[in-house]
Structure formats: C-alpha cells, structure tokens
Amino acid sequence: MRWVTKVYFPLLILSSAIAALAQPSNDNFANRAAIVWPGIDVTISGTLSNATFETGEPFLDGISSGQTAWWTWIAPSNGIVTLSVSGNEFSPLLSVYTGNDLPGLSLVVSNTYLACYEHVQCGCYWRVRNQITFHAARGQAYQIAADSPIVVDASYQMINRFVTNADGSIYWVNWWPVATTNIFPGGSLQLGLQFTPAPTNDDFENRVKISGARTHIAASNAGATRQTGEPNHLGNSGGSSVWYSWT
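All residue numbers for the sequence shown refer to our numbering, where the first residue is 379 and numbers rise by one.
The structure is reproduced here in structure tokens:
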C-alpha cells in the first residue's frame, strides 16, 4: 500500500505588517500636509517611519539622511514664527524653505548648529536644536521638512599605526580619533508652531500718525519684521521695527 501525504501551506496576509511598511502620507513634497493656524499655538503629530528621499529634494550635506516628510504653512500676516520639534527616540532635523516646486526651494532656516569636540583632532560635526525662530512675511508659503539626521560621534581610541610627516619622517602613535556615524530610523514626532503676529504699524505704509505737541504712546515691536527696502537705523540692520508719523 502506498501512502500519499498532502501538505498544505496556508497563505497568511499580514495586513498590519504591510501597513507598517507604508510611507507617511506627506512623504513627497507634492503631498505635503497643510498647517492651519487658528490663532493659537498648533501641535501636529506626524511620523518619519519608512519615509523616503525624493528626487530634487534639498539635502543638507553631513546631516540629512533622506527620511523626510513635508508640511506647508501660509503666514496670515507679518510676524515671528517659532517651530519646535521632538521625536520618539531621535532628534529630528527641521528645515524651512520658500518655493513651490522641486527642485528650486530656497532655505530660510534650519535647526542645525556646528559642535566641536574639545580635542581638535576629533573635528566638528552638525547637531540639531529642538526649535527654530524666523520672521514670516504676509501671504508667504513656507515649506517645512522634517528628517532623521545623521549623527557623527568621535572619540580617541587605542590604535597602533604609523603616521608620515610632511617631511617624510615616520612616527608611531597609539591613540587616534575615530568617527562613528549613526543614522537613526525615523519614528513618530511632534511638530509645534507658535506665531506672534506683527503690530499693525509693522510696515512703513501702515505707520501710525501721531498728533499733538506732547504725547505718550504705548508701543510694542513683538513680532515685528524688517521690510524690504527699509534703511539700517543708525547703522543697525535690525529686523523688528514699527513705524510712526508726526507732522
């Protein structure tokens, strides 16, 4: 008698695993998410999980990893914007641009800064802060990119090697700086936008008229901006002026 054994391999569709591999909906610049400013601080939840780099996307050498997601925000008036960002087990790279097409975006500001090790042989490397502040112009669209940054660490390690001087002489060293590159996988993040509108007399053409021989005015330049064509006041380029007119 001959026995025939049939083995069945069930097909399992792991929908949750497939969903986990999907890119963020705002992964591409064309699909950037709109931020609506309702007059109060805004906090947006997002993710860089499985985010990708798009052809024509701006790239900050030495710190961009290419795991980007995009948002867009239009300034309702002149003012000052503070963007804050925090990530789950990583510190996001945050950059703001103007322009509406790839390529061709112009960098406005980024949360990067250059940090140098105490031992100069270890070099200097880019790091990121958790917030940035910039002046916004009425009606201008600002494109906001979040990325998972490349982090380079350096340390002195015991490495026996020969080093050649400029004159051709050779000497032996025991310690040598070694750089380690870390690229953290993008995860969930929180993006905050705080906007301080400029005063009504921020621009020259909207200057407030003052009258009288003796007067006092309560004023503030919180959120004020520098206008195109504005002179340097007493040689100070400034950037937060308000305007008055008196005859």
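Each residue gets a CB set at the ideal place from its N, CA and C atoms; glycine is no exception.
Model, not experiment: these values are computed from the prediction.
Inset, instruction - Quick one: using the 10 Å Cβ neighbour count with 16 as the cut-off for buried, is P481 buried or exposed? - result: So P481 counts as exposed.
Legend entry - Closest by C-alpha distance to G412, when choosing among T460, T450, N428 and F431: The question names Gly, yet the displayed sequence has Ala at residue 412. With distances taken between Cα atoms, A412 lies closest to T450.
Inset, instruction - Would you tell me roughly how many angstroms separate the C-alpha atoms of E608 and A429, rounded to the nearest one? - result: Their backbone Cα atoms lie some 42 Å apart in a straight line.
Inset, instruction - Could you work out which residue in A532, L471 and T559 is closest to V498 when comparing CA atoms only? - result: Checking every option, the nearest Cα to that of V498 belongs to A532.
Legend entry - C-alpha gap between W621 and A447, whole angstroms: C-alpha separation (whole angstroms): 39 Å.
Inset, instruction - On a CA-only basis, which of Y495, V487, G440 and V586 is nearest T476? Give me that one, please. - result: Closest option to T476, Cα to Cα, is V487.
Inset, instruction - Work out the CA separation of V414 and Q401 for me, nearest whole Å. - result: Between Q401 and V414, the C-alpha separation is close to 23 Å.
Inset, instruction - Might you give, ordered along the chain, the residues of its own chain that have their beta carbon closer than 7 Å to the beta carbon of L492, omitting 5 neighbours on each side? - result: If we look at L492 and ignore the five residues flanking it on each side, its Cβ neighbours are C502 and W504.
Legend entry - Where F407 falls: helix, strand or coil (DSSP): If DSSP states are grouped into helix, strand and coil, F407 belongs with the helices.
Legend entry - Cα-Cα separation, A395 to D580: Confidence is the limiting factor: at A395 the pLDDT is only 48, short of 50, which leaves the residue's position unreliable and the question unanswerable from this model.
Inset, instruction - Evaluate the contact criterion for the segment 589-604 versus the segment 564-572: three or more CB pairs, one atom per stretch, below 8 Å. - result: Cβ pair count under 8 Å is below three, so no.
Inset, instruction - Look up A395 in the DSSP assignment and say whether it is helix, strand or coil. - result: Note that A395 scores a pLDDT of 48, beneath 50, so its modelled location is shaky and nothing firm can be said.
Inset, instruction - Pull up the CB-CB distance for T425 and G565, whole angstroms please, since I reckon it's below 8 Å. - result: Under the criterion of beta carbons closer than 8 Å, T425 and G565 qualify as touching, at roughly 7 Å.
Inset, instruction - Pick out whichever of Y495, L438, W624 and G465 has its Cα sitting closest to the Cα of K587. - result: For the residues Y495, L438, W624 and G465, the minimum Cα distance to K587 belongs to W624.
Legend entry - Sub-8 Å separation of L483 and A524 beta-carbons: Taking 8 Å as the Cβ cut-off, L483 and A524 do not qualify as a contacting pair.
Legend entry - Closest residue to A597 among H611, P577, V420 and N456 (Cα-Cα distance): Considering only alpha carbons, the answer is P577.
Legend entry - Distance, I510 Cα to T421 Cα: Distance between the alpha carbons of T421 and I510: 15 Å.
Legend entry - Where N610 falls, given that 16 or more other Cβ within 10 Å makes a residue buried: So N610 ends up on the exposed side.
Legend entry - For A523, the first and last residue of its enclosing beta strand (DSSP E): First-last of the beta strand (DSSP E) with A523: A519 to D525.
Legend entry - Simplified DSSP state of V498, which is helix, strand or coil: Of the three classes helix, strand and coil, the one that applies to V498 here is helix, per DSSP.
Inset, instruction - Find out if the Cβ-Cβ distance for the pair V321, F512 is shorter than 8 Å. - result: Outside the shown range of the chain, which is 379 to 625, sits residue 321, and nothing can be said about it.
Legend entry - 8 Å Cβ cutoff met for V556 and P527: Cβ atoms of V556 and P527: not closer than 8 Å.
Inset, instruction - Could you spell out the range, first to last residue, of the beta strand (DSSP E) harbouring I595? - result: For I595, there is no enclosing beta strand (DSSP E), as DSSP gives it neither H nor E.
Legend entry - Contact belief for S618 with T603 at Cβ below 8 Å, rounded distance in angstroms: Right, the Cβ-Cβ distance comes to about 7 Å (below 8 Å), so this counts as a contact.
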